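K.L.:
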Amino acid sequence: MDFYLTALLQGLCFSALALGIYISMKIFNIPDITTNGSYTLGGAITGIMLTNHQSTYLILPIVIFAGGIAGALTGLITTKLKVNALLAGILVMTGLHSVNLIIMGRSNLPLISTSSLFSILNIAADPNHNTFWILSVFVAIITLMIGYLLKTDFGIAMRATGNSESMVRALGVDTDRMKIVGLALANALTALSGYMIVQFQAFADINMGQAIVIIGLGSVIIAESFINWFNITNVWIILILVLIGAIIFQLVLALTLAIGVDPNLLSLTTSTFVLLIVSLPRLSFGKAS
Amino acid sequence: MIAINNVHKAFNKGKANQVNAVNGIRLNIQSNEFLVIVGSNGSGKTTLLNLVAGTVFPDNGSINIDGNDVTKTPDYRRSQWIARVFQNPMSGTASDLSILDNFRLAAIRTKAKGLSIGVNDAFKQQVKEKIATLGMGLENKIEQPMGTLSGGQRQALTLLMSVMDSCKVLLLDEPTAALDPRSADVVMRTADKLITDFKLTAILITHNLKDAYNYGNRIIQMGEGAILRDLSGEQKSALKQNDLFDWFG
Numbered sequence: 001m002d003f004y005l006t007a008l009l010q011g012l013c014f015s016a017l018a019l020g021i022y023i024s025m026k027i028f029n030i031p032d033i034t035t036n037g038s039y040t041l042g043g044a045i046t047g048i049m050l051t052n053h054q055s056t057y058l059i060l061p062i063v064i065f066a067g068g069i070a071g072a073l074t075g076l077i078t079t080k081l082k083v084n085a086l087l088a089g090i091l092v093m094t095g096l097h098s099v100n101l102i103i104m105g106r107s108n109l110p111l112i113s114t115s116s117l118f119s120i121l122n123i124a125a126d127p128n129h130n131t132f133w134i135l136s137v138f139v140a141i142i143t144l145m146i147g148y149l150l151k152t153d154f155g156i157a158m159r160a161t162g163n164s165e166s167m168v169r170a171l172g173v174d175t176d177r178m179k180i181v182g183l184a185l186a187n188a189l190t191a192l193s194g195y196m197i198v199q200f201q202a203f204a205d206i207n208m209g210q211a212i213v214i215i216g217l218g219s220v221i222i223a224e225s226f227i228n229w230f231n232i233t234n235v236w237i238i239l240i241l242v243l244i245g246a247i248i249f250q251l252v253l254a255l256t257l258a259i260g261v262d263p264n265l266l267s268l269t270t271s272t273f274v275l276l277i278v279s280l281p282r283l284s285f286g287k288a289s
Numbered sequence: 001m002i003a004i005n006n007v008h009k010a011f012n013k014g015k016a017n018q019v020n021a022v023n024g025i026r027l028n029i030q031s032n033e034f035l036v037i038v039g040s041n042g043s044g045k046t047t048l049l050n051l052v053a054g055t056v057f058p059d060n061g062s063i064n065i066d067g068n069d070v071t072k073t074p075d076y077r078r079s080q081w082i083a084r085v086f087q088n089p090m091s092g093t094a095s096d097l098s099i100l101d102n103f104r105l106a107a108i109r110t111k112a113k114g115l116s117i118g119v120n121d122a123f124k125q126q127v128k129e130k131i132a133t134l135g136m137g138l139e140n141k142i143e144q145p146m147g148t149l150s151g152g153q154r155q156a157l158t159l160l161m162s163v164m165d166s167c168k169v170l171l172l173d174e175p176t177a178a179l180d181p182r183s184a185d186v187v188m189r190t191a192d193k194l195i196t197d198f199k200l201t202a203i204l205i206t207h208n209l210k211d212a213y214n215y216g217n218r219i220i221q222m223g224e225g226a227i228l229r230d231l232s233g234e235q236k237s238a239l240k241q242n243d244l245f246d247w248f249g
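Respectively, the protein sequence lines represent chains A and B.
Per full-length UniProt numbering, residue 1 is the first one in the first sequence, and the count goes up by one each step.
Per full-length UniProt numbering, residue 1 is the first one in the second sequence, and the count goes up by one each step.
1. Is it right to say A/Phe-154 is buried, meaning 16 or more other beta carbons lie within 10 angstroms of its own, or is it exposed?
2. Going by DSSP, what residue range makes up the beta strand (DSSP E) through B/Ile-131?
3. Let me know the secondary structure DSSP gives A/Arg-106 once reduced to three states.
4. Beta-carbon of B/Gln-80 versus every beta-carbon of chain A: anything under 8 Å?
5. Please confirm whether A/Gly-105 has its beta-carbon closer than 8 Å to some beta-carbon of chain B.
6. Can you grab the Cα-Cα spacing for the pair A/His-129 / A/Ile-277, in whole Å?
7. Throw me the rounded Cβ distance for the B/Ala-53 and B/Arg-84 pair, which I believe falls under 8 Å.
8. By Cβ distance below 6 Å, which residues in the same chain neighbour A/Thr-78 in space, the five residues on each side in sequence not counted?
9. Could you confirm whether any beta carbon from chain B is found closer than 8 Å to the beta carbon of A/Gly-75?
10. Counting only beta-carbon atoms, is A/Ser-289 nearer than 8 Å to chain B?
11. How many angstroms separate the CA atom of A/Leu-8 from the CA atom of B/Ser-183?
12. So B/Glu-100 and B/Lys-124 are supposed to be a Cβ contact under 8 Å. How far apart are they, rounded?
13. Using three-state DSSP, classify A/Ser-193 as helix, strand or coil.
14. Just to confirm, are B/Leu-48 and B/Ile-63 a CB contact at a threshold of 8 Å?
15. Between A/Thr-6 and A/Phe-65, what straight-line distance do the alpha-carbon atoms span, to the nearest angstrom?
16. For B/Asp-197, which of B/Phe-34, B/Gly-118 and B/Ser-150 has the nearest alpha-carbon?
17. The alpha helix (DSSP H) that contains B/Asp-75, what's its start and end?
18. How would you call A/Ala-72, buried or exposed, if buried means at least 16 neighbouring beta carbons within 10 angstroms?
19. Closer than 8 Å by C-beta to A/Ser-263: which residues in its own chain qualify, once you throw out the five before and the five after it? Chain order, please.
20. When Cβ atoms are compared, which residues of the stretch 138-150 of chain B fall closer than 7 Å to chain A?
21. I'd like to know if A/Phe-154 contacts chain D, where contact means its C-beta is closer than 8 Å to some C-beta of that chain.
22. Are there three or more Cβ pairs, one per stretch, closer than 8 Å when the stretch 171-190 of chain B is compared with the stretch 12-26 of chain B?
23. From the DSSP output, in three-state form, read off B/Ile-219 for me.
24. Below 8 Å between beta carbons is the criterion; list the residues of the stretch 84-109 of chain B that meet it against any residue of chain A, in chain order.
25. Indicate whether at least one CB of chain B lies closer than 8 Å to the CB of A/Gly-147.
26. Tell me the rounded alpha-carbon separation between B/Pro-58 and B/Pro-74.
27. Which word fits A/Val-168, buried or exposed, when buried means at least 16 other C-beta atoms lie within 10 angstroms of its C-beta?
28. From A/Leu-12, A/Phe-28 and A/Gln-10, pick the residue whose C-alpha is nearest to that of A/Asp-176; which is it?
29. Is the CB of B/Asn-12 under 8 Å away from at least one CB in chain A?
30. With DSSP as the reference, label B/Asp-101 as helix, strand or coil.
31. Quick one: what does DSSP say A/Ser-289 is sitting in, helix, strand or coil?
32. Against chain A, with Cβ distances strictly below 8 Å, would B/Lys-236 count as a contact?
33. Please list the terminal residues of the continuous beta strand (DSSP E) segment that includes B/Gly-135.
34. State yes or no: is the C-beta of B/Glu-224 within less than 8 Å of the C-beta of B/Asn-23?
35. Helix, strand or coil for A/Ile-232 per DSSP?
36. Measuring CA to CA, which of B/Ile-82, B/Met-90, B/Leu-134 and B/Glu-139 is closest to B/Thr-110?
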């Protein structure tokens, strides 16, 4: 049972990442690989600052800011220098690898007996339950803020940008600026996931972000299947489905490990699983028509 | 309202396949003028419209709108005067957003898109009343995504959206090219009515010579990036539909 609880907690940690990917992928139509780097960036900053006995409250805004800068950089490269968005993301991600190494000083930072987000409050006796409640509140606050943002006039302009750029420009929105802000927001959220996961698993590692974008994509695609099945347009329900997508994804991974799949095959399992959710609806629709 | 002074625009400059899309055009469009532009493909109509809209910038010459030099002003800043309807109904509206959200964005075309929620009950009511004037029965579907509507409905709504905020110039780039004859008729009537009611200055590009004959109070024919014919007021009214066909003969 603990196994699944851990998966649930990991899912909650990854929900910020999933929201970020939802923004870059679904709202802006940009496949943003910066994610791999900004996730590790969030983790690296959290790791080094915690080992230097900084407060988790202080780390939080710094992580958000750093992730935002990374995203804005990708945004600037793709909009101002007209570099393909995918390549821009790869460039920033590659550059961030060095930045992250410099920040951490070495490739792995164990966090033993440092304070963390999960030690600031003692609501439940069981540490896992305690973590669950803190994460839930944390994720709820993030979701509320993003949901509110998407409902505002600015948010409507943001959602329209990925849909019809010509219309949005004709309606007085600088789409370049909008994409930069959007990618900054997406990567700030991604860095937040790094912040949470490092404190949850009590170590930071330079390779923690490897292929992390697939976790976000998988979560969003799971959510998207529900959104399409039930024709959902309500922003709040969509965001909640994205959170649920992140949790389901982790639960499925936990299940594959539980039935005895070799952990070395985990990445292969992950990509096969994502491929399955992407292709299954199409395969069945193909038969129907 | 719009003054185009000796504007040139070439694409693929200096290469073998250079295209001089607009070749030193001078054109003054008065307030409340409804200008129809006809011309064969490649005559420079769309480039001229894009120069006015600000999606492309002239190589030389200047463009003034409402007394402001906008030669180097990007399209999203010119939106304070200009509203556009595109040839492709998909371009003028956001498919995944509800009709309501599309209208909200249009209602703040000339304003900043801030961090407050602008869609409230009063706004919903206002949008419903506006849409009801189309008589398409769409007023009860404002929460539906724009993508569920037909091309004709979307073009009609795009027109309506253009007058949600203060608007001086309306650019219509073959707005009915993708529509069936009946929807095309509805869209053109709606456009004509809005242009009259809101005293707009309008530019219509069309390949439909019947529309060119029926609508507008000035017509120009373009060819090779220049103005070949320019008829306004009574000259345009005196024009017969067959004369127009002869232009392309």
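Ideal placement from N, C-alpha and C gives every residue a C-beta, glycine not left out.
All values derive from a computational prediction rather than experimental measurement.
P.N.:
On the basis of the data shown:
1. Buried, by the Cβ-count rule.
2. In this chain, B/Ile-131 is not harboured by any beta strand (DSSP E); it is covered by the alpha helix (DSSP H) spanning 121-132.
3. The three-state reading of DSSP puts A/Arg-106 in coil, since its state is none of H, G, I, E or B.
4. Under the Cβ criterion of 8 Å, B/Gln-80 is counted among the residues facing chain A.
5. Contact of A/Gly-105 with chain B is not assigned, every C-beta pair being separated by 8 Å or more.
6. Between the alpha carbons of A/His-129 and A/Ile-277 lies a distance of about 31 Å.
7. 6 Å between Cβ atoms; contact.
8. Same-chain partners within the cutoff: Ala-85 and Ala-88.
9. No, because no Cβ of chain B sits closer than 8 Å to the Cβ of A/Gly-75.
10. Low local confidence applies: a pLDDT of 42 at A/Ser-289 is under 50, so the model's placement there is unreliable, with the coordinate-based value given in what follows. Not one chain B Cβ lies under 8 Å of A/Ser-289.
11. The straight-line gap separating the alpha-carbon atoms of A/Leu-8 and B/Ser-183 is approximately 53 Å.
12. A small correction: the amino acid at residue 100 of chain B is Leu; Glu does not occupy that position in the sequence shown. Between the beta-carbon of B/Leu-100 and that of B/Lys-124 there is about 6 Å, and that keeps the pair under the 8 Å contact cut.
13. When DSSP states are grouped into helix, strand and coil, A/Ser-193 belongs to the helix group.
14. Going by C-beta atoms, B/Leu-48 is not nearer than 8 Å to B/Ile-63.
15. Rounded to whole angstroms, the separation of the alpha carbons of A/Phe-65 and A/Thr-6 is 28 Å.
16. Checked all of B/Phe-34, B/Gly-118 and B/Ser-150; the closest Cα to B/Asp-197 is B/Phe-34.
17. DSSP places B/Asp-75 in the uninterrupted alpha helix (DSSP H) bounded by 75-78.
18. Residue burial annotation: A/Ala-72 is buried, with at least 16 other C-beta atoms found within 10 angstroms of its C-beta.
19. It should be pointed out that residue 263 of chain A corresponds to Pro in this sequence rather than to Ser. Cβ within range, chain order: Leu-257.
20. Cβ contacts with chain A: Pro-145.
21. Among the protein chains in the structure shown, which are A and B, there is no chain D.
22. Contact between the stretch 171-190 of chain B and the stretch 12-26 of chain B is not established, with fewer than three Cβ pairs separated by less than 8 Å.
23. It is a strand residue.
24. Residues passing the 8 Å Cβ filter: Arg-84, Phe-86, Met-90, Ser-91, Gly-92, Thr-93, Ala-94, Ser-95, Asp-96, Leu-97, Ser-98, Asp-101, Asn-102, Arg-104, Leu-105, Ala-106, Ile-108 and Arg-109.
25. Chain B contact via Cβ: absent.
26. Each residue's alpha carbon lies about 12 Å from the other.
27. Under this definition A/Val-168 is a buried residue.
28. When the alpha-carbon of A/Asp-176 is set against those of A/Leu-12, A/Phe-28 and A/Gln-10, the nearest one is in A/Phe-28.
29. Against chain A, the CB of B/Asn-12 has no partner CB under 8 Å away; the residue lies outside that interface.
30. The answer is helix: DSSP assigns B/Asp-101 an H, G or I state.
31. The predicted position of A/Ser-289 is uncertain, since its pLDDT is 42 and thus under 50; no value can be drawn from it.
32. No, because no Cβ of chain A sits closer than 8 Å to the Cβ of B/Lys-236.
33. Careful: B/Gly-135 lies outside any beta strand (DSSP E) and carries neither H nor E.
34. Taking a C-beta distance under 8 Å as the contact criterion, B/Glu-224 and B/Asn-23 qualify as a contact pair.
35. In this structure, A/Ile-232 counts as coil in the three-state DSSP scheme.
36. For the residues B/Ile-82, B/Met-90, B/Leu-134 and B/Glu-139, the minimum Cα distance to B/Thr-110 belongs to B/Ile-82.
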